[in-house]
Amino acid sequence: MSQTPPVDRNAILAAAARIAPHVRRTPLLRIAAGDLGLPHDVVLKLELLQASGSFKPRGAFNRMLSAPLPAAGVMAASGGNHGAAVAYAARSLGVPAEIFVPELTGAAKRARIESYGARLVVGGATYDEARQASEARAAETGALMVH
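In terms of my numbering, the sequence shown opens at residue 112 and continues consecutively.
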């Protein structure tokens with residue numbers, strides 16, 4: 112059973128207001144149904160234009176702005192995009208970030224995480240090992256986990 116509280120409209124509006132100064136408002140692109148041979152138009156949200164290249168800074172900022180940020184900063188485990196988003200948000204908010212990645216994380220993703228100023232740690236062979244290592248380090252340092 113999930114321990115995540117239900118999300119209602121007010122929570123969504125509060126999160127949107129909280130993160131608005133920190134994220135880009137990305138455009139929508141409407142594709143006519145006939146262009147794709149579909150019965151309905153398709154609307155794409157171009158989150159690739161978001162800082163760090165995905166929608167993930169939205170969640171990273173929301174987490175960081177919803178809790179007191181400890182001097183130890185923030186901690187995350189990631190295979191790439193989430194780590195880059197957390198590193199970007201941490202840099203924007205002026206707090207240190209430590210991102211744990213599995214060994215299989217590619218060089219480009221590692222470089223992108225480091226380009227935002229985060230300390231990159233290879234935390235094991237698998238994502239689960241990296242996550243466990245990040246949680247142990249957060250408990251040791253008092254850093255805020257950003258899942």
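C-beta atoms are modelled at their ideal positions from N, C-alpha and C, and glycine is treated no differently. Keep in mind it's a predicted model, so treat the numbers as computed, not measured.
#### Entry: Chain-order list of residues whose beta-carbon lies under 6 Å from that of Asn192 (same chain, five-residue window excluded)
Ser165 and Lys167
### C-alpha distance - Ala241 paired with Gly234, whole-angstrom precision
4 Å
### Query
At what residue ranges does the segment 200-254 contain a whole run of the alpha helix (DSSP H), taking only runs of 4 or more?
218-226 and 238-252
### Message
Quick check on the DSSP output: what are the complete beta strand (DSSP E) runs of length 3 or more inside the segment 113-163, in order along the chain?
### Response
139-142 and 153-156
### Query
Can you name, in chain order, every residue of its own chain whose Cβ lies under 6 Å from the Cβ of Val154, other than the five neighbours on each side?
Leu139 and Arg141
### Query
Could you check where the beta strand (DSSP E) with Ala171 kicks off and where it finishes?
Per DSSP, Ala171 belongs to no beta strand (DSSP E); it is in the alpha helix (DSSP H), Lys167 to Leu176.
### Query
In the structure shown, what three-state DSSP assignment does Val185 receive?
strand
### Query
In or out: Ile123 buried (at least 16 other Cβ within 10 Å) or exposed?
It is exposed - the Cβ of Ile123 has fewer than 16 other Cβ atoms within 10 Å.
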